Amino acid sequence: MRRVIAVALSGASVLGAASLGGCSSMSWDMFKSAPPTVQVRLESNPPGADATTSLGPGCKTPCSVSVPAPEAPFTVAFALPKYQPASVPVNVIRNPGDFTTPASANTDPNPVFAELQPATPPKPVRKPHPPRKPKPAAATPAAAPAETAPAAGSPFPDPNAGRR
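For the sequence shown, the numbering used here assigns the number 26 to the initial residue and increments by one for each residue that follows.
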């Protein structure tokens, strides 16, 4: 009977050690609160732009996104076809909590607004014209002599014959 009790106790101690081994993986991180999130309102003129934060989340304006409050400033990029893209820096303002109020974070600016400028159409590239070929010089009539001889093969009389 002593052997049965000894085996039972040793088995229980092995099981207890195995279950307590899980306790060693417990850390103090479970007592920390989750990082605060910040609700950021995104707007653009004209509306309908794709707004993407440098932290990842994005949407089509006007909209709101929830991002984890970062330690450093982040940016919001706005893009819309036929408009120049815009980027707006956003600062995170942390308010430490006390015993009566929880810690919070706000963004500046809120709402994040971007005025998108129309993209100027690219100027058409003009191909240089090939150089113009000079026109052949027209035969300039040489100074006609005062008296011209009638054409030898002409069947008609010279009209200036009587005036000489």
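Virtual Cβ for every residue (Gly too), placed ideally from N, Cα, C. None of the values given here were measured: they were computed from a predicted structure.
For Ala-144, no beta strand (DSSP E) encloses it, and the DSSP letter there is neither H nor E. With respect to Ala-144, Ser-69 sits apart: the two C-beta atoms are not nearer than 8 Å. The beta-carbon separation of Arg-119 and Ala-130, rounded to 5 Å, stays under the 8 Å limit for a contact. Within the same chain, Cβ atoms closer than 6 Å to the Cβ of Pro-72 are found at Thr-86, Pro-87, the five residues on either side in sequence being excluded. Within the model, the alpha-carbon separation for His-154 versus Tyr-108 is close to 33 Å.
The alpha-carbon separation between Val-92 and Lys-152 amounts to approximately 51 Å. In the same chain as Leu-141, and ignoring 5 residues on each side of it, the C-beta atoms closer than 7 Å to its own belong to Ser-69, Asn-70, Pro-71, Ala-74, Phe-103, Leu-105, Tyr-108, Gln-109, Ala-111, in chain order. Arg-157 sits in coil when the DSSP states are folded into three classes, being neither helix nor strand. For Gly-83, the enclosing beta strand (DSSP E) begins and ends at 83 to 85. Here the alpha carbons of Lys-160 and Gly-187 stand approximately 42 Å from one another. Inclusion of Pro-98 and Val-117 in the CB contact set at 8 Å is warranted, their separation being smaller than that value.
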